[in-house]
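Just so you know, we're using the numbering used here here: the sequence shown kicks off at 660 and counts up by one.
Note that CB positions come from ideal geometry on N, CA and C, so glycine has one too.
These figures come from a predicted structure and were not determined experimentally.
Structure, as C-alpha cells:
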Amino acid sequence: MSREELAVQRARTSFQTGRTKPLDFRVHQLKNLLHFISERCADISAATKNDLGKSQHGTKLFETLGLEGEINLAIENLAGWATPRPVEKNLLTISDEVYVQPEPLGVVLIIGAWNYPWAVTLQPLVGAIAAATKSIIKPSEVSSHSAKVMEEFLPQYLDKDLYPVLTGGVAETQEPLKQRFDHIFYTGSSTVGKLVMGAAARHLTPVTLELGGKSPCYIDKNCDISIACRRITWGKFVNCGQTCIAPDYILCEPCIQSRVIEEIAKNIKEFYTDNPKTFEDYGRIINQRHFKRVMALMEGSTVAVGGDSDESQCYIVMKEEIFGPLLPIITVSGVDEAIQFINDREKPLVVYVFSHNIKLIKRVIAETSSGALLANDCLVHFTVSALPFGGVGNSGMGSYHGRHSFDQLSHMRSCLIKQLSMEGVNSMRYPPHTAKKLSW
Ligand code: NAD
C-alpha cells in the first residue's frame, strides 16, 4: 500500500471513530494550530523568506495574522455554527421539528499553492477542523521550505492521524487524487484545477476550486487618481505580483493614462526605494521557471516604468494571468467599453473599480460577473471573514473564510421530525385520489 493510500485509510478509520466531532476536541485542535503559528513563527518566517524573499513583517502581515484571526473567529463561533439551524415552517410542518443540521463531510484533501504557502494551505484547514472533518494537507512543493516546516512541525501540534501532511510534487499529488475523498479543496491554477475536478469526478467527490484569472481594474477619470494608484501599486506589487487577487491590468481612458503611469512610478519608488532589488520588502519570483514565464510576457512590449512594466504583447498577456510584477494598461473610451472588455473574457476572481460615483460602481456590479467586486481598494476583501472568498466560472467554484469555510466543508443535512399521529391530515395523499379528497 502506498504512503498516500495508507494516510487516507488511516484518516478514514480515525474519522469513523467520531473523534473529530466533540466541540471541545475541535477547539483544542484549533488552539494547537494557534500555538504552532506563534511558537514556530521564526521557522515559518525563515521558510517564507527562503521561498519567496518575504520579510518577517511581510509574512506576519500577509500570511499569519489573517490566519490567526480566522482561527480565533472559529473558536469563538464554533458552537453557534455547529448548532442545528431551524428553518421556516409551513402549514404541513407546523407541529414538526424542521431544521438543517451541519454534518462533517468526512475525509478532505487540501491542496495548497506556493504564493502564500501558509495562508492558502492552513486557512482551509481551519474550516476543516471546525467542521469536524479529517483532512490530508498537501502543501505546494514549489514553496519547498514552507512545505518542509509544515511537514516537520505541524504533526507536533495537531492530531497526526487526523491531519497528516503529505509532501511531494505533481506525482505525489496525483497519487492521493486516485483515492476517494469526501471533498477536495484545491488552490492553484485553473489548468490543474480541471485535472483535480476530473479526478474527483471519478468518485463523485465535491470540490472547492480556488483558482486564478485576470482581475481587471477600472479607474474612472474623475476619481482621486493619486489615492487610487497608491492602493493599486500596493495591491499589485505585494509579493512581487504573485497574488491571486492582484489587479492584473488597468482599464482607463487615454486622458488619464500618463497620470496613472506617473503616480504608479512615484509609488513604486516610495514603497520600494530606487533600488527594489536590495530592498527587504520587495520579494522574489518563486523560481526560474516562473521568472522566465513572466519575462516572456514582456517580449516585444513598451516598458513605461522600470524594467518590469508592460503595455503588452497584447495577445499573450491578455490571455494568461500575469502573476508577476507587470501591470499592463489598456485604454478604453469609458465605462461602457471597460464593461464590454471584462465581459468578453473569462470571469475573474475580482473586479476592481475606482470611482467616487456610486452609480458607476453599482453599474459595474450589475453588468459584470466575478468572484468578488472591490471598489476603491485592492486585496482587502480577503480579510473580511464575513464575505465568502472564491471564484466563479474559470476563477473557481465554492468559497470559504469564516463561517463560509465551516459551511463549505459541512454537509447541510435537512432534518424533518414528524409525529406518528395526526394521520387525518395525510388522507389526501393516499389512494384512491378522488375528486372529493382534492376539493378539500
Ligand atoms: P502550484 O504549482 O503550487 O500548484 C498548486 C498545487 O497543485 C500544488 O500543491 C501542486 O503540487 C499541485 N499540482 C501541480 N500540478 C499538478 C498536477 N498536474 N496534478 C495534480 N496536482 C498538481 O501552484 P500554481 O498552480 O502555480 O499556483 C498559482 C495559481 O494559483 C495562480 O493561478 C493563482 O491565481 C492561483 N491561486 C489562487 C488562489 C485563490 O485563493 N483563488 C490563491 C493562491 C493562488
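Counting only residues of its own chain and dropping the five nearest sequence neighbours on each side, L817 has a CB closer than 7 Å to the CB of Q688, N691, L692. Between G771 and S799, the CB-CB gap stays under 7 Å. With respect to the C-alpha of K1006, the residue from I891, E912, K719, K873 having the closest C-alpha is K873. Membership of S794 in any alpha helix (DSSP H) is not indicated; the residue belongs instead to the beta strand (DSSP E) covering 793-797. Here C899 is near P984, since their CB atoms are less than 7 Å apart. Counting only runs of at least 4 residues, the stretch 713-782 fully encloses the following alpha helix (DSSP H) elements, listed from N- to C-terminal order: 715-718, 724-741. Contact check for L813 and F695: beta-carbon distance about 6 Å, within the 8 Å limit, so the pair qualifies. Under the three-state reduction of DSSP output, H1070 falls in the strand class. Under the DSSP definition of a beta bridge, Y908 partners with P875.
In the displayed model, G1055 falls within a strand according to three-state DSSP. A1031 has V1009 as its beta-bridge partners, per DSSP. Taking 6 Å as the cut-off, the C-beta of N774 counts as close to a heavy atom of the ligand NAD. Within the same chain, Cβ atoms closer than 6 Å to the Cβ of A1034 are found at V1012, I1020, the five residues on either side in sequence being excluded. In this structure the stretch 863-879 lies against the stretch 1042-1053, because at least three pairs of beta carbons, one per stretch, are closer than 8 Å. Note that the C-beta distance between L764 and H1070 is below 7 Å.
Contact holds between the stretch 1030-1046 and the stretch 1056-1067, because three or more Cβ pairs, one in each stretch, are under 8 Å apart. Contiguous beta strand (DSSP E) elements confined to the stretch 828-883 occur at 842-846, 866-869, 874-878, taking only those with 3 or more residues. If you draw a 10 Å sphere on the C-beta of Y931, you find 16 or more other C-beta atoms in it, and that means buried. With 16 or more other CB atoms across the displayed protein chains lying within 10 angstroms of its CB, M809 is buried. Counting other Cβ atoms within 10 Å of its Cβ, A733 reaches 16 or more and is therefore classed as buried.
T990: member of the beta strand (DSSP E) spanning 988-990, first to last residue. Using a cutoff of 6 Å, the CB of I1001 does not count as near the ligand NAD, since none of the ligand's heavy atoms is closer than that. With respect to the C-alpha of Y822, the residue from Q760, H1040, T990, T679 having the closest C-alpha is T679.
The criterion of a C-beta distance shorter than 7 Å is not satisfied by F1065 and A830. Under the three-state reduction of DSSP, L817 is assigned to coil, being neither helix nor strand.
Counting along the chain, S917 sits inside the alpha helix (DSSP H) bounded by residues 913-931.
Under the three-state reduction of DSSP, L1038 is assigned to coil, being neither helix nor strand. No residue range can be given for A790, since it is assigned to no alpha helix (DSSP H) and is classified by DSSP as neither H nor E.
Comparing alpha carbon positions, the residue from C1037, G857, A741, M1087 closest to K895 is C1037. By the neighbour-count criterion, in which 16 or more other beta carbons inside 10 Å mark a residue as buried, F1041 falls on the buried side.
Separation of V757 and R1072 (C-alpha to C-alpha, rounded to the nearest whole angstrom) is 11 Å.
For V897, there is no enclosing alpha helix (DSSP H), as DSSP marks it with neither H nor E.
The bridge partners DSSP lists for V824 are I796.
Not one heavy atom of the ligand NAD is found less than 6 Å from the C-beta of T826. Here the alpha carbon of P681 sits roughly 27 Å from the alpha carbon of L1046. The beta carbons of T902 and I927 sit about 16 Å from each other, so the pair does not count as a contact at 8 Å.
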